[in-house]
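**Student:** This is the structure I have questions about; it appears just below.
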Amino acid sequence: MTHVPGRPAVLPDVEDPEADAGGGRARPDGWVVMLEMSRRRWGGDLRRGQIFRRLAERTAATTIDGFSIRSLPGLAGWRWLRLMLPLPRLGPRPRLASAEMLRPDVLRVARRAVDPVVVAVYDDAVLQHAAFDLPMPPDRAAFYRRRQDENLAAFRWHVAPTASFARLAGLDPDRTIVAGNGTNVEHIVPGQWPEEPAVGMISGATPGRGIELLLDAAKLLRAEIPNLRLMLWLIATGDQSAAYLDALREAHRWERWIQIGSAPYEDLRHALRQATVMCVPMPPTTYADVALPVKLFDAMAAGRPQVVTPRVETRAVIERHGIGVVADGDRAEDLAAALARLLQDEGEARRLGALAREVAERHYHWPVVGEWLASEILSREGLAG
Numbered sequence: 002m003t004h005v006p007g008r009p010a011v012l013p014d015v016e017d018p019e020a021d022a023g024g025g026r027a028r029p030d031g032w033v034v035m036l037e038m039s040r041r042r043w044g045g046d047l048r049r050g051q052i053f054r055r056l057a058e059r060t061a062a063t064t065i066d067g068f069s070i071r072s073l074p075g076l077a078g079w080r081w082l083r084l085m086l087p088l089p090r091l092g093p094r095p096r097l098a099s100a101e102m103l104r105p106d107v108l109r110v111a112r113r114a115v116d117p118v119v120v121a122v123y124d125d126a127v128l129q130h131a132a133f134d135l136p137m138p139p140d141r142a143a144f145y146r147r148r149q150d151e152n153l154a155a156f157r158w159h160v161a162p163t164a165s166f167a168r169l170a171g172l173d174p175d176r177t178i179v180a181g182n183g184t185n186v187e188h189i190v191p192g193q194w195p196e197e198p199a200v201g202m203i204s205g206a207t208p209g210r211g212i213e214l215l216l217d218a219a220k221l222l223r224a225e226i227p228n229l230r231l232m233l234w235l236i237a238t239g240d241q242s243a244a245y246l247d248a249l250r251e252a253h254r255w256e257r258w259i260q261i262g263s264a265p266y267e268d269l270r271h272a273l274r275q276a277t278v279m280c281v282p283m284p285p286t287t288y289a290d291v292a293l294p295v296k297l298f299d300a301m302a303a304g305r306p307q308v309v310t311p312r313v314e315t316r317a318v319i320e321r322h323g324i325g326v327v328a329d330g331d332r333a334e335d336l337a338a339a340l341a342r343l344l345q346d347e348g349e350a351r352r353l354g355a356l357a358r359e360v361a362e363r364h365y366h367w368p369v370v371g372e373w374l375a376s377e378i379l380s381r382e383g384l385a386g
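Written out as structure tokens, the structure is:
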């Protein structure tokens with residue numbers, strides 16, 4: 002890969018696969034890949050940093066850190082003049098892969114210098130805010146809709162987490178590649194089993210993510226498991242989210258068995274080791290049914306069994322690999338019963354956790370996901386060899 006001057010030369014925390022693994026290369030100067038290389042706050046940042054990394058390696062691409070106008074001078078040389086002047090096209094333009102949808106102004110400028118080939122479409126901000134009951138001003142919603150429409154029109158191929166998400170977001174099935182999500186099994190590794198039973202949850206700090214449901218379920222469980230701990234690693238993603246998190250902490254400040262903290266990615270492996278069982282208690286919404294969150298795969302890499310509510314895509318992963326328990330319904334009693342099955346059977350919890358780790362290594366390590374995705378993109382572009 003050729004890197005933009007002043008940008009990191011090595012993407013962090015992922016072992017470099019064999020350069021020729023999985024097949025041939027495209028032309029060395031034929032690709033530009035836009036990635037997230039500097040920020041690692043939560044799952045979306047990690048995905049944006051890794052999903053096209055293997056494509057960049059196999060095509061010896063110029064990699065650009067970020068998705069803003071400030072990132073674009075990294076195209077370098079005479080190509081930068083194309084961004085500023087209406088010059089005629091001098092030969093074929095390099096192909097562009099972007100790990101995030103671009104703002105309309107960025108997309109408009111970039112198209113003068115590159116050929117938009119593939120973009121990752123892993124979120125629909127308008128649908129997500131509605132699912133989480135977060136108000137979105139009309140002008141902001143219009144911006145997100147315009148951004149998505151223009152990216153879908155500009156890029157030939159769209160990468161989505163699930164086929165059901167692609168349908169909900171209105172992606173063309175003939176132009177969609179379903180690649181899922183992943184984790185870094187080199188960074189997140191299993192640790193010593195906790196001495197006392199503990200349930201863990203990683204989430205953005207917003208309503209609509211099942212935090213209150215898990216709190217209610219854990220309180221029911223305390224009657225049977227008096228030494229149970231609940232560990233909530235929550236991240237504020239904006240002003241509304243920060244206010245929600247402050248109120249949640251205040252409401253439970255005297256319940257010492259409930260720990261509400263945060264887990265930066267650098268410390269995530271240590272946090273996850275404190276849990277006996279990891280929980281993804283998403284409530285029954287259409288958006289939750291199509292989601293496949295990174296935290297599910299991080300918990301697998303940590304060697305912990307999963308308990309999930311009966312959402313379509315997360316349920317499918319748990320049942321396909323046999324790595325946890327799906328609650329029978331969406332009441333606190335249903336979730337408590339599912340958690341109790343593992344909290345009261347350490348042998349079974351350990352077995353499922355070990356299996357979850359094996360599955361993460363085989364199927365969901367980012368280089369594994371990225372290798373398959375790179376091959377699919379190059380094949381569709383007629384460049385695989």
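Residue numbers for the sequence shown follow the working numbering, so the first one is 2 and each next one is one higher. Don't be surprised by glycine CBs; every beta carbon is placed ideally from N, CA and C. What you are looking at is a predicted structure, and each value in this text was computed from that prediction instead of being measured.
May I ask you to report which of helix, strand or coil DSSP gives residue 285?
**Tutor:** Of the three classes helix, strand and coil, the one that applies to residue 285 here is coil, per DSSP.
**Student:** How long is the line joining the alpha carbons of residue 178 and residue 288, rounded to whole angstroms?
**Tutor:** If you take the alpha carbons of residue 178 and residue 288, they lie about 19 Å apart.
**Student:** In the structure shown, what three-state DSSP assignment does residue 376 receive?
**Tutor:** Residue 376: helix per DSSP, three-state reduction.
**Student:** From this set, 104, 256, 329, 301, which residue's C-alpha is nearest residue 318's C-alpha?
**Tutor:** It is 301 whose Cα lies nearest to the Cα of residue 318.
**Student:** Does the separation of the CB atoms of residue 169 and residue 128 fall below 8 Å?
**Tutor:** Yes, they are a contact pair.
**Student:** Opposite residue 319 in the DSSP bridges: which residues?
**Tutor:** For residue 319, which the question treats as bridged, DSSP gives no partner whatsoever.
**Student:** With a threshold of 8 Å on Cβ separation, who are the neighbours of residue 270 within its own chain once the five nearest residues in sequence on each side are excluded?
**Tutor:** The residues are 188, 189, 190, 192, 303.
**Student:** Where does residue 367 sit, in a helix, a strand or coil, going by DSSP?
**Tutor:** Three-state result, residue 367: helix.
**Student:** Are the CB atoms of residue 310 and residue 328 within a distance shorter than 8 Å?
**Tutor:** A contact, by the Cβ cut-off of 8 Å.
**Student:** Below 7 Å CB to CB, which residues in the same chain sit around residue 1 once its five sequence neighbours on both sides are set aside?
**Tutor:** There is simply no residue 1 to check, as the chain begins at 2 and stops at 386 in what is shown.
**Student:** Look up residue 253 in the DSSP assignment and say whether it is helix, strand or coil.
**Tutor:** Reduced to three states, the DSSP call for residue 253 is coil.
**Student:** Along the alpha helix (DSSP H) that carries residue 1, what are the first and last residues, could you check?
**Tutor:** The requested residue 1 does not occur in the structure, where the chain is confined to residues 2 to 386.
**Student:** Give a yes or no on whether the C-beta atoms belonging to residue 68 and residue 99 are separated by under 8 Å.
**Tutor:** Their beta carbons are under 8 Å apart, which means residue 68 touches residue 99 by this criterion.
**Student:** Could you give the DSSP three-state label for residue 38: helix, strand or coil?
**Tutor:** Coil, per DSSP.
**Student:** In angstroms with no decimal places, state the Cα-to-Cα distance between residue 344 and residue 194.
**Tutor:** Using only the alpha carbons, I get a separation of about 12 Å.
**Student:** Going by DSSP, name the residue or residues bridged to residue 312.
**Tutor:** For residue 312, which the question treats as bridged, DSSP gives no partner whatsoever.
**Student:** I'd like the list of long-range same chain contacts for residue 157, defined as Cβ closer than 6 Å, with 5 residues on each side in sequence excluded.
**Tutor:** 118, listed in sequence order.
**Student:** Does the beta-carbon of residue 93 have 16 or more other beta-carbons within 10 angstroms, so that it is buried, or is it exposed?
**Tutor:** By the 10 Å Cβ count, residue 93 comes out exposed.
**Student:** Is the region 273-286 close to the region 207-215, with three or more CB pairs under 8 Å?
**Tutor:** The region 273-286 vs the region 207-215: in contact.
**Student:** What do you get for residue 96, buried or exposed, if any count of 16 or more other CB atoms within 10 angstroms of its CB means buried?
**Tutor:** Residue 96 comes out buried.
**Student:** Three or more beta-carbon pairs under 8 Å between the region 198-205 and the region 219-239, yes or no?
**Tutor:** Flag = yes, the region 198-205 and the region 219-239 touch.
**Student:** Just how far apart, CA to CA, sit residue 62 and residue 221?
**Tutor:** Between residue 62 and residue 221, the C-alpha separation is close to 54 Å.
**Student:** Alpha carbon to alpha carbon, how far is residue 352 from residue 105? Give it in angstroms, no decimals.
**Tutor:** If I take the Cα positions, the gap works out to 49 Å.
**Student:** What are the boundary residues of the alpha helix (DSSP H) that includes residue 130?
**Tutor:** Start and end: 126-132.
**Student:** In whole angstroms, what is the alpha-carbon distance linking residue 362 and residue 354?
**Tutor:** About 13 Å.
**Student:** Which whole-angstrom value is the C-beta distance of residue 249 and residue 261, which I expect to be below 8 Å?
**Tutor:** 6 Å between Cβ atoms; contact.
**Student:** Taking the C-alpha atoms as reference points, what is the distance between residue 28 and residue 135?
**Tutor:** Its pLDDT being 43, under 50, residue 28 is placed unreliably by the model, and the measurement read from it follows with that caveat. About 45 Å.
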